[in-house]
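Take a look at the structure set out below.
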Amino acid sequence: MSPSAVPRPDDAQAPLIAASDLHTWFELRQWGFLRLGAVRAVDGVDFTLAHGEAVAFVGESGCGKSSLARTLLGLHRPTRGEVRFAGRSLGELKGRALKAYRAEVGYVQQDPYGALPPFLDVRRLLAEPLIVHGVRDRAERERRIRAALEEVRLSPAEEYLGKFPHMLSGGQQQRVVIARALILAPRLVIADEPVSMLDASVRVEILELLRHIQCERGLTLAFITHDLSTVRHYAERIFVMYAGRVVESAPVDDLLDHPQHPYTQALLAAIADPDAANATRLREVPAGEPPSLLHPPAACRFHPRCPHFMAGVCDRHDPPDFEPRRRHRSACWLHR
Amino acid sequence: MMGGRWGEGLRELRRYPSALMGLAIIAALVAISFYTVVAIPYSEALAQWRGGEVWQRNPVNAAPVWLDRLAGGGAPRTQVVTSAEAEVEESAFTGGRRLRIPLAFDYEAEQFPSELTLFLHARGHDQRPFVRLLWQTPDGREVPLGGYRIGAEERISLSQDRALERRLGGLVPHIGLLAEPGMTAERAAEAAPSVLPGRYTLLMDVLLFDEAARVDAELVLYGRVHGLAGTDHQRRDLSLALLWGTPVALAFGLLAAVGTTVTTLVIAAVGVWYRGWVDATIQRLTEVNMILPILPILVMVGTLYSTSIWLMLGVVVVLGIFSASIKMYRAMLLPIREAPYIEAARAYGASNARIVLRYLIPRILPVLIPTFVTLIPTFVFLEASLAVLGLGDPLLPTWGKVLNDAQSQSALYNGYYYWVVSPAVLLMLTGLGFAMLGFALDRVFNPRLRSL
Ligand SMILES: Nc1ncnc2c1ncn2[C@@H]1O[C@H](COP(=O)(O)OP(=O)(O)OP(=O)(O)O)[C@@H](O)[C@H]1O
Ligand code: SF4
Ligand SMILES: [Mg+2]
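Chains as they are written, first to last, in this note's numbering: chain A, 3 to 338; chain B, -12 to 439.
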């Protein structure tokens, strides 16, 4: 199948956010001017997320998931390509429009312990985004803060308003982080490994909460995870990233049951492995060295580790997106 | 770290006796400052410290009263005998009137006065009045002190009357006039002359030649002790300078500490936040500033331009902006810059100014409070050092200027220890108070130090 032969199914729905040919490279310089090269954290990513959709990004550590998230949030300027949100290119947003965009996108960070300023109590830290966005009326702020706390099930709100982050448990802190991400009523929430630093016991609660809010509000939710075993319940689509690229994307069930890309297959095999099965976190990565993003392997980034490596093809030509199954894309020459 | 922790920290302070001591000292200094500023208005303090008329009734270089008490007493305080209290006899003669004014007083102190002066105020005359003086001792001797034709304001310094000194056997008049009979300079060399206690009278015969003329007299027997702090070489009461020195020292220390800390902190945070050339420029400026010697620059400004305390404050703050503490703040702020909550703030659209002022700086404030408290006395000392070097404010009475005067008058060589000790003790108390509080705060806010 040729990559562009079939119309993309998600183009049919109204896209909320779209990345096209997105590159985020970090220049490495010595003494401030000598170029040593670039870390290609995001290296050619294309996708479209529809309104109200929940998607997961998975991939091993250092493959550029957080960099992609930050680029979508507008915290990194893309080196090449663009992010379009509700039809407007992020690169063109300035001043007021950029600030308005920041209210449209909520950010839930990985580490709740560092994500909350330790010197502000819950009321003050939840008031901050409102103040920044010009909600002058104190009573109005108070009302929205309480509503946000109730929404993340920190109730009664009074009990938490005066508390400092260090007085809260990890799960409660993450709920406050979520409340802060939601308080400006965003249309998109990006959660970067929202539960990886939490106790196993509270992970499911937080994921359920995110999923619930996402459905209630009709949010678009993009979350990054290491945990392929639970992703089925919390996302509709999965993007598998490898060395700054999305190598495979598909609806959850299809991807988990019929992985197409050799890298995804290796990932899932690692989960099925009895040794790693009881570990909720993915420790066992496919055999071989993780790729260097400073000098990534030529053509297919996975070829040094791939069991199906085809010399002269995989290391010469970038594999385009094939669609071996319906709505299931995979960038591998095997599907040729 | 803040908010709740501030309260906790302050409560915890109570566990440190040294902190309470420090607080007590600081509270006392603050109380003194408030009292001073209210009781002696600024302009009045400046006017008085300029010296002159106001201090005329004060002895020169008198020790504090309490010092004499410690030494067993015996030193006289200043005694003023006025004609208003005297029984004046008036008689007429052709062409005028004659007043007989006995200025009588009891002298009981063991030591002699330090000086003897008669102040005369004459009013309402066309022709100047004439005064003849006679000294009467308790044992009935009479010493004529001569006659004077007086103007409106006359100051007759008996102590400096050389002729009288010769007549008294070489003893200076304030000793000779009050000594036991038969005492001369030669005998005084063997055994110190002692006071003849009892009732003395300075009998004034005043001849007035006009109907409306009047004369008031004031005999001042200057003491050897004065007030709480003694006096200086210009008869100024040192307590004025010691009192006014307190608010000046505290204000200078506090303003300089606030000025340098706030500017340095903001600049360090701006550098850390913007990185790049902004940070590089700040770093280079700091390095240049670090090798600039602050005291010589202040001396230069003081010598060439003005020694106004406010100018000095400005120079101190300006030189302090790029002080070495920028490096320290930078090191503390760099990891905070990368804190996820800063990234979160960027994600919800907080401005750069907000991030610097509301998220970066508050994070290190608790760590800085102790440093800030211990910084205050260093500026107090700096101001005192400048004053000792002769670069004190030209108008304000300060501790440093008292020390400077003491030094220029060789106070220690002359045995006026109180002149040096009292301002020095106040300076040390200030240093001690802030240091004790600062160290305790350090333990409270930087718990890692607690085990040390
Ligand atoms: N600001 C930056 N400057 C330079 N290099 C960066 C920067 N941010 C990330 N990188 C590099 O980009 C690469 C991708 O990092 P990223 O944090 O996006 O990975 P990740 O997939 O989120 O990993 P993890 O699962 O460990 O969070 C890493 O090699 C990282 O060192
Ligand atoms: S393109 Fe080649 S090397 Fe890359 S994953 Fe597919 S088979 Fe493996
Ligand atoms: Mg990450």
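We put the beta carbon where it would ideally sit given N, CA and C, even for glycine.
The beta-carbon of residue 255 of chain B is placed no less than 7 Å from the nearest beta-carbon of chain A. DSSP, reduced to helix, strand and coil, places residue 119 of chain B within a strand of the structure shown. When CB distances to chain A are screened at a threshold of 8 Å, the residues of the segment 311 to 335 of chain B falling below it are 326, 327, 328, 330, 331, 332, 333, 334 and 335, in chain order. Given a length threshold of 4 residues, the segment 37 to 73 of chain A has no whole run of the alpha helix (DSSP H) inside it.
Flagged as an interface residue toward chain B: residue 109 of chain A, by a C-beta distance shorter than 7 Å. Counting only residues whose CB is nearer than 7 Å to a non-hydrogen atom of ligand 3, the list in chain order is A:67, A:68, A:112, A:194, A:195 and A:226. Nearest in C-alpha terms to residue 337 of chain A, of all of A:296, A:236 and A:264, is A:264. Residue pairing by DSSP puts residue 218 of chain B in a beta bridge opposite B:224. Ligand 2 has a heavy atom closer than 6 Å to the beta-carbon of residue 334 of chain A. The residue among B:373, B:320 and B:182 with its C-alpha nearest the C-alpha of residue 293 of chain B is B:373. Where residue 30 of chain B is concerned, there is no enclosing beta strand (DSSP E), although the alpha helix (DSSP H) around it starts and stops at 29 to 36. Judged by pairs of C-beta atoms under 8 Å, the segment 79 to 94 of chain B touches the segment 191 to 210 of chain B, as three or more such pairs exist. Runs of the beta strand (DSSP E) lying entirely within the segment 195 to 280 of chain A and spanning at least 3 residues, in chain order: 222 to 227, 239 to 244 and 247 to 253.
As DSSP reads the structure, residue 186 of chain B sits in a beta bridge with B:93. Among the bridge pairs identified by DSSP, residue 107 of chain B is matched with B:141 and B:204. Against chain B, a Cβ distance below 7 Å from residue 224 of chain A picks out nothing, because the smallest value is about 14 Å.
Buried is the label assigned to residue 27 of chain A, since at least 16 other Cβ atoms lie within 10 Å of its Cβ. By the rule that beta-carbons nearer than 7 Å mark a contact, residue 117 of chain A touches chain B.
For residue 362 of chain B, the uninterrupted alpha helix (DSSP H) run begins and ends at 348 to 373, by DSSP.
The DSSP-derived three-state label of residue 103 of chain A is helix.
Bounds of any alpha helix (DSSP H) do not take in residue 78 of chain B; it lies within the beta strand (DSSP E) bounded by 76 to 80. In the three-state DSSP reduction, residue 94 of chain A falls in the helix class (H, G or I). Per the coordinates, the alpha-carbon of residue 318 of chain A lies some 18 Å from the alpha-carbon of residue 332 of chain A.
Within the same chain, 65, 67 and 207 come within 7 Å of residue 44 of chain B by CB-CB distance, once the 5 residues on both sides are set aside.
Proximity of chain A to residue 349 of chain B at the Cβ level (cut-off 7 Å) is accounted for by 121, in chain order. If you draw a 10 Å sphere on the C-beta of residue 401 of chain B, you find fewer than 16 other C-beta atoms in it, and that means exposed.
Beta-bridge partners assigned by DSSP to residue 22 of chain A: A:84.
Listed in chain order, the non-local C-beta contacts of residue 139 of chain B below 8 Å within the same chain comprise 108, 109 and 110, local neighbours out to five positions each way being set aside. At least 7 Å separates the CB of residue 26 of chain B from every CB of chain A.
Three or more pairs of CB atoms, one per stretch, sit closer than 8 Å, so the segment 407 to 426 of chain B contacts the segment 7 to 20 of chain B.
In this structure, DSSP gives residue 43 of chain B a state outside helix and strand, which the three-state scheme calls coil.
Excluding sequence positions up to five before and after residue 418 of chain B, its CB lies within less than 8 Å of the CB of 364, 367 and 368, all in the same chain and listed in chain order.
Within the DSSP secondary-structure output, residue 66 of chain B pairs in a beta bridge with B:208.
In this structure, the beta-carbon distance from residue 44 of chain A to residue 75 of chain A does not fall below 7 Å. Annotation for residue 271 of chain B: the continuous alpha helix (DSSP H) segment containing it runs 263 to 278. At a threshold of 6 Å, residue 63 of chain A counts as near ligand 1, since its beta carbon sits closer than that to one of the ligand's heavy atoms.
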